[in-house]
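The block underneath contains the structure these notes are about, expressed in structure tokens.
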Amino acid sequence: MGRLEVDLCGITLSNPVIPASGTFGFGYEFAEIFDINKLGTFSFKGTTKESRFGNPTPRIAECTAGMINSVGLQNPGVEKVISEELPKLKKCFNKPVMANVSGFSVDDYAYTCEKLDKEEQVGWLEVNISCPNVHNGGMSFGTNPNSASEVVKAVKKVTTKPVIVKLSPNVTDIVSIAKACEDAGADGISLINTLLGMRIDLKTKKPVIANTMGGFSGPAIFPVALRMVYQVAKAVNIPVVGMGGVSSAEDVIEMMLAGATAVEVGAANLINPTASLEIINNLESTMDKYNINNLKDIIGGV
Amino acid sequence: MKDSVFEIYENFPLTDDVFQMKLTGDVSDITTPGQFINIKIDSLYLRRPISVCGKDENSVTIIYKVVGKGTEILSKMQKGEKLSVLTGLGNGYDTSLSGETPLLIGGGVGVPPLYLLAKELIKQNKKVSVILGFNKKSEVFYENEFKKLGCDVSVTTVDGSYGIKGFVTNAIKNGYSYFYTCGPEPMLKAVYKSTDTSGQFSFEERMGCGFGACMGCSCKTITGYKRICKDGPVLKKEEILWED
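Here it is in structure tokens:
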């Protein structure tokens, strides 16, 4: 057993670092510049039943220590993901991948998950009930324990793969949503998705983002994410995947001490395409510095 | 794409707010005119994408206008300072379609990528005409540089203080075999309407990553959704779908 190995819902990860959905495409752009098999795994671009263009541009705004995005789940739709993206991925990635799924109705989620369930390379389904950038879908399922529970139940019926539910921080009580997902049969919880944010351009006196608001991510949100991971991990008995502003090996260790079994890295990949690899490469020396022998042993240590 | 450290070799103003910077480093991934580089500035979160104006064995030249915080910081940087740069981004112009007498049309800071393109086309023995458009005389740059390459150069200014009065479209003359353009979107639209051959347009969009991962800069085209940073920034006339 390596010092970095963790078990996520019955599948061993060689290290806990997972590039987050929407920041890593379907992997092959990054495979041009490093061996993506060095990752624990990664969560691929949020996939929906139908193909989507997403929101109008500008979709990106800069912030202090972070950024806002309002992409709006642009993706080619689950059929094309299976017929075009996954075969390309298979050529450069030989580990189980995390399939990120979004939808606009309970049936949508079930449809997409059922399709992806049949794909051999899909190890986990990460069910995103927290996208802040689409109306009547995404986040609206994740802000209410009942609708969150409905999505999880429907998805669990159509798959035998571990279901990890990705939660929104844009709620008053994230613990109640996490518990509802656990009760409905979720195998894991991942959090946090982006915080709803906004910027205004002083020259035009208009919002920078065409869709007015978007999801705020980057190092600025790390303390909020860490706090929520801590709260949720204390309250549930299923693995928690922590994310939100993670940019260094130190951040990964903090997330694990707060209760995360694995850690997703998001915006950092967009600024520095080798960010996730650098974090992995720095993990052992950082563990040595803080007298940590084995990462598994520190999960939820606080 | 390559992620490497470059050193500033020179950085000086061409006009009141337009600067030229030469950076030394590994330029092996810059293969085509019309590509861009993405520069990390320490105190800011997102990188700044800027088109490539020139290159030699170990340096790349960019020309940028000070429009906000990032370009302001860049403009104050000194020779010897280092920058993290992603190189080899974007598809660039396809020179194989130019024909014998290509026309290059640039507006403002849309001019720089056309310089490397002109250099390449002249190397291929093409007879290159260039139209450079600016608002006024004090904004004009690179007229002589294009002349030195051997291009036939026309300059237009909106207020008529230099060259031909009006827009770049006022200077288009028949006889070109193909065209290449880069500039603000209203100019691109006008060029689209005023040209009677096929051509290639370089677009600008606010980007997250600059290398195709985030889908921040997508646009709709006749041939499907394209990411300006990865499938562009250059689109062919036939695939453009104007949205407004």
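Top line first, the protein sequences correspond to chains A and B.
So the first sequence is numbered by this note's numbering: it starts at 1 and just counts up by one.
So the second sequence is numbered by this note's numbering: it starts at 303 and just counts up by one.
Quick reminder that beta carbons are idealized off the backbone N, C-alpha and C, glycines included.
Since we're looking at a predicted model, the values are computed, not measured.
For B:ASP305, the residues of chain A that pass the 9 angstroms Cβ criterion are ILE33, ASN272, PRO273 and THR274, in the order they occur in the chain. Shown here, A:PRO145 sits in a helix according to DSSP, grouped into three states.
For the pair A:THR12 and B:TYR480, the Cα-to-Cα distance works out to about 57 angstroms.
Taking 8 angstroms as the CB threshold, B:TYR366 stays off the interface with chain A.
When DSSP reads this structure, A:LEU191 sits in a beta bridge with A:GLY242. At least one beta carbon of chain A lies nearer than 8 angstroms to the beta carbon of B:LEU348. Within the segment 8 to 48 of chain A, the alpha helix (DSSP H) runs of at least 4 residues that lie entirely inside it are, in chain order, 28 to 31. Taking the CA atoms as reference points, B:PRO414 sits about 22 angstroms from B:ILE542. For A:CYS63, the residues of chain B that pass the 8 angstroms Cβ criterion are TYR347, in the order they occur in the chain. When DSSP states are grouped into helix, strand and coil, B:PHE436 belongs to the strand group. Nearest neighbour of B:GLU383 by Cα position, chosen from B:CYS531, B:ASP498 and B:ILE310, turns out to be B:ILE310. Cβ-Cβ distances below 7 angstroms link B:GLY465 to SER456, VAL457, THR458 and THR459 in the same chain, with the five nearest sequence neighbours on each side left out; the list follows chain order. Only those residues of the segment 500 to 515 of chain B whose C-beta falls short of 8 angstroms from the nearest C-beta of chain A are listed: GLU507, ARG508, MET509, GLY510, CYS511, PHE513, GLY514 and ALA515. Residue contact with chain B for A:GLY215: absent (no Cβ-Cβ distance below 8 angstroms to any residue of chain B). Taken through DSSP and simplified to helix, strand or coil, A:GLU126 comes out as strand.
Where B:ASP454 is concerned, the enclosing beta strand (DSSP E) starts and stops at 454 to 459.
Taking a 10 Å sphere around the C-beta of A:GLU254, we find 16 or more other C-beta atoms and assign the residue as buried. Here A:ASP297 is exposed: its Cβ has fewer than 16 other Cβ atoms, across all protein chains shown, within 10 Å. Linking A:ASP108 to A:SER102 through their CA atoms gives a straight-line distance of about 8 angstroms. Contact between B:GLY510 and B:GLY518 holds: CB atoms are separated by about 4 angstroms, below the 8 angstroms threshold. Taking the Cα of B:TYR366 as reference, the smallest distance to any Cα among B:GLU447, B:ILE375, B:ASP533 and B:GLU359 is reached at B:ILE375. Judged by beta-carbon spacing, A:ASN69 lies beyond the 8 angstroms limit of A:GLY242, meaning their Cβ atoms are not closer than that value. With 16 or more neighbouring CB atoms inside 10 Å of its own CB, A:ILE36 falls in the buried class. Out of A:GLU114, A:THR286, A:PRO273 and A:VAL71, the CA that lies nearest to the CA of A:PHE24 is found in A:PRO273. When 9 angstroms is used as the limit between beta carbons, B:CYS531 is near no residue of chain A, the shortest such separation being about 10 angstroms. Cβ-Cβ distances below 8 angstroms link B:SER361 to TYR311, LYS324, LEU325, THR326, GLY327 and VAL329 in the same chain, with the five nearest sequence neighbours on each side left out; the list follows chain order. Counting of Cβ neighbours within 10 angstroms places A:ASN146 among the exposed residues, the total staying below 16. Per the coordinates, the alpha-carbon of A:LEU116 lies some 7 angstroms from the alpha-carbon of A:VAL122.
B:SER520 has a beta carbon lying within less than 8 angstroms of a beta carbon in chain A. Put simply, the CB of B:MET323 is far from chain A, with every gap to its CB atoms at 8 angstroms or more.
C-alpha of A:LYS38 to C-alpha of A:LYS91: approximately 15 angstroms in a straight line.
Cβ neighbours of A:PRO239 within its own chain (closer than 7 angstroms, five residues either side excluded): LEU8, CYS9, GLY188 and THR261. The beta carbon of A:GLU182 sits closer than 8 angstroms to those of ILE189, VAL236, ASN237 and ILE238, all from its chain and outside the five residues before and after it, given in chain order.
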